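Residue numbers (the working numbering): 78 to 495.
Step one of this worksheet: look at the structure below.
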């Protein structure tokens, strides 16, 4: 590989390969299912970079959205009598998380030219319903899980009886909040939001998918049943999050249908990736009990088609989802593109003995992107994403990283150690 000096990032010119200058957008956030990172690179010439608008900063975007959502969640559900019920509701609702569903709602509203302030009640409702589903999903009669987001599950803290009732109260509150708190939106659109949310959580959505999932344990089911489970148990609420945001924003029916397809694809990809992570990562990485699907002999994508095919399915779903955003304003669609990739692409990490000279280094090997990002001289983590299944590419990258910064631990985008 030919070598030359490109940009000054503290590395010797002799240790760096010839690479195109790239624009970079990255997210590095140690939450949820694993330490996660997203990059959205775009090839650019050196001459064009100075004339290009700053790239979309997904890390900043998600942090801002999380602050907004967390503050609103705290305010919309204050402590009151009966204290134990409200404490239980708030325990799970304010336990952190990526806030992907509210972010999707707000991004869809902005995409179609709407005011995100009008969409905040709907965005909160999506997170409230999601929290309800987690509380109930963790119960002994369901998945029987002891940990969620790295903390004891609701029923482990408050008991099964209060956990069930807290979930019930959260579900009721989600509809109440949309109806009461939504301002400046035509009533017929608010009704459509309530209809979409009701369908997403009912027999034709989350609850129906959960029932089929339970009844499929210890059963031999095919891809058609598995897809039904994932589309209803997981994708339905993600779909509602996007569609309802677009409804509040004033989208026409054509735009709503495109966004519905986008959301269905990312929703299914989300669960395919979750299936992969369940068998490739530890409890500490996931923030919940690992290998639960295997323990109850649950049908998953890796079980039916293998890990490699599952990765390809997730990748294809994300590509199809992003294609649905063609024709929308490039700036406004950037968050939804980034969210799609965040859900379905590289979730990778490696411990870093970070030094200042390794800051802001971008490398590309052919069509296989690698992004190294360090936020400061005192950082504790580094992130790498390599969208490749080519072992030779992995070896080349590993050798370069080892020479340049002493890093020897890589993970591919499914989280499988390499």
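Backbone N, C-alpha and C define an ideal beta-carbon position, used for all residues, glycine too.
Because the structure is a prediction, the values reported are computed rather than measured.
Are there three or more Cβ pairs, one per stretch, closer than 8 Å when the segment 253-260 is compared with the segment 284-301?
Touching, no.
Taking only three categories from DSSP, how would you classify residue 456?
Only weak support is given to the placement of residue 456: the predicted model assigns it a pLDDT of 29, under 50, and the value that follows is read from those uncertain coordinates. Three-state DSSP puts residue 456 in coil, outside helix and strand.
Just how far apart, CA to CA, sit residue 347 and residue 220?
Inter-residue distance for residue 347 and residue 220 is about 18 Å (C-alpha atoms, whole angstroms).
For residue 204, collect the residues of the same chain with a Cβ closer than 6 Å to its Cβ; drop the 5 residues on either side in sequence, then sort them by chain order.
178 and 179
With a 10 Å radius around its C-beta and 16 neighbouring C-beta atoms as the bar for buried, classify residue 142 as buried or exposed.
buried
Do you know offhand how far residue 146's Cα is from residue 302's?
Looking at the backbone, the Cα of residue 146 and that of residue 302 are separated by about 35 Å.
Taking 7 Å as the limit between beta carbons, can you name the residues of its chain near residue 269, skipping five residues before and five after?
Excluding positions up to five away in sequence, the list reads 324.
Could you tell me which residues DSSP pairs with residue 224 in its beta bridges?
Per DSSP, 229.
Below 6 Å CB to CB, which residues in the same chain sit around residue 386 once its five sequence neighbours on both sides are set aside?
Counting only Cβ-Cβ distances below 6 Å, and skipping sequence neighbours, we find nothing.
Is DSSP giving residue 135 helix, strand or coil here?
helix
For a test of the three-state rule: what should DSSP assign to residue 208, helix, strand or coil?
helix
Exposed or buried, residue 161, counting other C-beta atoms within 10 Å across all chains shown (16 or more means buried)?
exposed
Is residue 293 helix, strand or coil by DSSP?
coil
In terms of alpha-carbon separation, which member of 155, 263 and 150 lies closest to residue 207?
Put simply, of 155, 263 and 150 the residue whose alpha carbon is nearest the alpha carbon of residue 207 is 150.
Identify the continuous alpha helix (DSSP H) that holds residue 157 and give its terminal residues.
Looking at the DSSP string, residue 157 is not in any alpha helix (DSSP H), and its letter there is neither H nor E.
Are residue 532 and residue 243 close, meaning C-beta to C-beta below 7 Å?
In the structure as shown, the chain starts at 78 and stops at 495, and residue 532 therefore has no counterpart that could be examined.
To the nearest angstrom, how far is the alpha carbon of residue 188 from that of residue 398?
15 Å
Using only the alpha-carbon positions, how far apart do residue 409 and residue 159 sit?
Separation of residue 409 and residue 159 (C-alpha to C-alpha, rounded to the nearest whole angstrom) is 43 Å.
Between residue 223 and the rest of its own chain, which residues show a CB-CB distance below 7 Å, the 5 nearest in sequence each way excluded?
229, 230, 233 and 366
Please work out which residues of its chain come closer than 6 Å, Cβ to Cβ, to residue 195, disregarding the five sequence neighbours upstream and downstream, and give them in chain order.
Cβ within range, chain order: 261, 262 and 325.
How many Å lie between residue 517 and residue 380 at the Cα?
The structure shown does not extend to residue 517, since the chain spans only 78 to 495, so no value can be given for it.
Grouping DSSP H, G and I as helix and E and B as strand, with all else coil, what is residue 214?
DSSP places residue 214 in helix when its eight states are reduced to three.
Where does residue 188 sit, in a helix, a strand or coil, going by DSSP?
helix
Would you call the CB atoms of residue 300 and residue 210 closer than 7 Å?
No.
Which same chain residues end up closer than 8 Å to residue 353 when comparing Cβ atoms and leaving out the 5 residues on each side of it in sequence?
378, 379, 384, 387, 388, 391, 491 and 492
Check for me: the alpha helix (DSSP H) holding residue 317 runs from which residue to which?
313-326
Where do the N-terminal and C-terminal ends of the alpha helix (DSSP H) with residue 337 fall, by residue?
330-357
Considering only their Cβ atoms, is the gap separating residue 345 from residue 394 smaller than 7 Å?
yes
Is it right to say residue 412 is buried, meaning 16 or more other beta carbons lie within 10 angstroms of its own, or is it exposed?
The residue is buried, with at least 16 neighbouring Cβ atoms inside 10 Å.
With DSSP run on the structure shown, which of helix, strand or coil describes residue 431?
Only weak support is given to the placement of residue 431: the predicted model assigns it a pLDDT of 29, under 50, and the value that follows is read from those uncertain coordinates. Three-state result, residue 431: coil.
Here's a check: name, in chain order, each residue in its chain whose Cβ is nearer than 8 Å to the Cβ of residue 170, leaving out the five neighbours to either side.
150, 154, 204, 205, 208 and 247
Figure out for me which residue from 279, 137 and 403 has the closest Cα to the Cα of residue 249.
279
Looking only at its chain, what residues have a beta carbon closer than 6 Å to the beta carbon of residue 496, apart from the 5 residues adjacent to it on each side?
Because residue 496 is not part of the residues shown, which for the chain are 78 to 495, the question remains open.
Determine the burial state of residue 265: buried for a count of at least 16 other Cβ atoms within 10 Å of its Cβ, exposed for fewer.
exposed
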